Structures are given as structure tokens and as C-alpha cells.
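Colleague: Residue numbers (numbering that gives the first Met the number 0): 0 to 283.
For each residue, glycine too, the CB sits at the ideal point set by N, CA and C.
Here the structure is a predicted model, which is why all the values come from computation and not from measurement.
Starting off with a structure, shown below.
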Amino acid sequence: MAPAVKIIGGDQAVYEHVDIRTGTAFGTTDTYNGVFAGNSQKAIDLRTAVLLAWPREEIIEKIVKPINPSAQLMNSLMYFNSEPGYKDIITKSGVSKFTEGTQASRNAKALALVQKYFPESTAAKPTVKIKLLFGAPSNTRRVSEAALAKASVAQAGFDMDVTPTSGWSSFTKDAKYDLAFFAWVKSAILQRGNVGTYQEQNYQGYSNPEIEKIYTELNGKLLTQAEIADRFLKVETILMKEAVSLPIFQHPAVNGVSSKLMGVAPSPLSPNLVWNLWDWYFKA
């Protein structure tokens, strides 16, 4: 007879997010000239529009909650929902513009922004073409996420190509893509936060001198928790104002082990399940 199995759930220190391309990615010469390029008011408005129209709540309700009923919308790129600084940062960062109202009302605001520059584009006939990088055809969850996103951003006037890409991670710096969604993995508690650094992981080509100054400080000297929170808020406020990225959800963790195996206590941080392997033992 097969041994009984116990399921241990929880959250991983992994979060899904959507990033918008703004320029030449770090370490490349592949120039991005798409609709979101640069930091003009037009570029910021169009980036704001697509993020307003991103159906984050629908993704959680239809795709994540069937696996993790307690899943919550993430509204900070710097803190997970369970971290002490989360509630304070989301009240001050400006993320509220991406959460206010219903998805329908946000789509209407997004379409108004798009029509400032593309008056011919409508919800019935979206004409602003953009291309999404997100994952392989075999990844049914991400294919489903992309389908929901395509339908929603169409209401804001965007015609988004959501063709999946085999070996997608090799194309994160490819300038033919206007935006991407994937997951960042947090493997340690660092004072520089959750967001990918704007250096070797800068796939977006995004640059802001104030953020670069703050990251140099975060990486260069030990700060108090209050000082870290202050820097995180400054970074997040800029990111929300310039509309370059939004978090979506924290990935659920599901672990199955023998019911006789004791001492198993999965950690949100990598290596997750096996971090305390030396504490495991079998109950007779």
C-alpha cells in the first residue's frame, strides 16, 4: 500500500508581474522604438493605459484562487502583502490609480488616454499594436493569463499579440516585445527589496537617475528599517508615476510529503521545501 501523503500549502517568495519596455535593455544595443519608448508624457500615458487595463483581479479570481483560495492582489513591487511595510507603502506610492473603481472604469480611463494620441482606436476596433512576451505554449496558466489580458487591454484600444514563445527567457531583452509578464524570485531577505535591480536584470531598458541613486545607496551601506522603508517608498512612487511595472500575485506553494515525515516546514524563500532538510525525521 502506498504511504499516506500530507499536503502543506503556503506562499512562495515569488511574484508574477508585468513589465513594460521603455528603452534599450542593459548589456544590449537592440534599440526599442515601440509605443512605450522613452519618458515623454505620451509614453507615460500609454504605459499607464495598458497597466490600468491589465485585468489583475480577474487573473487572480479565475486562475489563482482555484489553487489558492486565500490569494490576494499584490500592489507593491517592494514588499509582499504579509511584510510589515506593505500597508504603509501602498497607501502612499500612488498605486491607487491602478486599483480605484472597477476594471470597466479603469478600462474607460485607459481608452481615454490612448485616444489622446490614437483617436481612431476604439474598444470595438483597437489599433495600437503591441507584442507581449510571456511564456511557452505548454504553460497553460500563462496562456490563460495572456488571453485574459488581451481581451481587457483591447477595451483600452490596444491590439496585443499574445503568441506564446518557446524558450521565452532567451528573449527578455529582445526589442521586438513591448511588454512582458513573468515571475521574480526572492531567494534572500535583502535591503534592496523584491524588485529586480536596474542593472543586469534590467530587461525593460528603464532608467531613472533618482532610482539609480537610491539603489546605489541600498547596495552600498547598511540602513535602518525606517531608512529602507523610506527608500522603498521613493522608488515605488517613481515606478507608479512613470508606469513601468505592476505586481499581480504571489505564487502559491503546494508540497506533498509522506504523512510519516516530520519536521517539514517549507520556507517562502528558495530552496523552499528542503531548506531545513537536517530537521526531518520519520515517525514510526
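Along the chain, where does the beta strand (DSSP E) containing Ala145 start, and where does it finish?
Modeller: Counting along the chain, Ala145 falls outside any beta strand (DSSP E), though it belongs to the alpha helix (DSSP H) covering Thr139 to Ala153.
Colleague: Applying the criterion that 16 or more other CB atoms from any shown protein chain within 10 Å of the CB defines a buried residue, is Gly134 buried or exposed?
Modeller: Burial call: buried.
Colleague: Distance, Cα to Cα, Val34 vs Ser257?
Modeller: Cα to Cα, the separation comes out at about 52 Å.
Colleague: Where do the N-terminal and C-terminal ends of the beta strand (DSSP E) with Lys128 fall, by residue?
Modeller: Counting along the chain, the beta strand (DSSP E) containing Lys128 begins and ends at Val127 to Leu132.
Colleague: Quick check: Ile210 and Val184, are their CB atoms within less than 8 Å of each other?
Modeller: Contact: no.
Colleague: Once you ignore the five residues that flank Met239 on each side, which residues in its own chain have a CB closer than 8 Å to its CB?
Modeller: Once the five neighbours on either side are set aside, the close Cβ partners of Met239 are Ser92, Gly93, Val94, Lys96 and Phe97.
Colleague: Look at the Cβ atom of Ala145, then the Cβ atom of Val161, and state whether they are nearer than 8 Å.
Modeller: Closer than 8 Å, so yes.
Colleague: To which residues of the same chain is Gly37 closer than 8 Å at the C-beta, ignoring the five residues directly before and after it?
Modeller: Once the five neighbours on either side are set aside, the close Cβ partners of Gly37 are Thr21 and Gly22.
Colleague: Is the closest heavy atom of the ligand ATP to the C-beta of Thr126 under 7 Å?
Modeller: This structure lacks the ligand ATP; in fact it carries no ligand of any kind.
Colleague: Using a Cβ distance threshold of 8 Å, determine whether the stretch 237-255 contacts the stretch 100-112, with at least three qualifying pairs required.
Modeller: Result no; under three Cβ-Cβ pairs closer than 8 Å.
Colleague: Between which two residues does the beta strand (DSSP E) holding Leu238 run?
Modeller: Run containing Leu238: none in the beta strand (DSSP E); it sits in the alpha helix (DSSP H), Gln224 to Glu241.
Colleague: To the nearest angstrom, how far is the alpha carbon of Gly84 from that of Trp53?
Modeller: Answer to the nearest angstrom: the Cα atoms are 25 Å apart.
Colleague: Residues bridged to Tyr280 by DSSP?
Modeller: Looking at the DSSP assignment, Tyr280 forms a beta bridge with Met261.
Colleague: CB-CB under 8 Å to Tyr287, same chain, minus the five flanking residues each way: which ones, in chain order?
Modeller: In the structure displayed, the chain extends from 0 to 283; residue 287 sits before or after that span and is not available.
Colleague: Between the stretch 37-47 and the stretch 60-73, do three or more beta carbon pairs fall short of 8 Å?
Modeller: No: fewer than three Cβ pairs fall under 8 Å.
Colleague: With distances taken between CB atoms, is the gap from His285 to Val13 smaller than 8 Å?
Modeller: There is no way to answer for residue 285, as the model of the chain reaches only from 0 to 283.
Colleague: Going along the chain, which unbroken runs of the alpha helix (DSSP H) with 4 or more residues stay wholly within the stretch 46-94?
Modeller: Counting only runs of 4 or more, we get 55-58 and 85-91.
Colleague: Nearest by alpha-carbon distance to Gln203: which of Pro265, Thr30 and Ser165 is it?
Modeller: Among Pro265, Thr30 and Ser165, the Cα nearest to that of Gln203 is on Thr30.
Colleague: Write down the C-beta distance between Ala24 and Asn201 rounded to the nearest angstrom, noting that I regard them as a contact closer than 8 Å.
Modeller: Contact holds; Cβ gap of about 6 Å.
Colleague: Roughly how many angstroms lie between the CA atoms of Val113 and Met73, to the nearest whole one?
Modeller: The alpha-carbon atoms of Val113 and Met73 are separated by roughly 25 Å.
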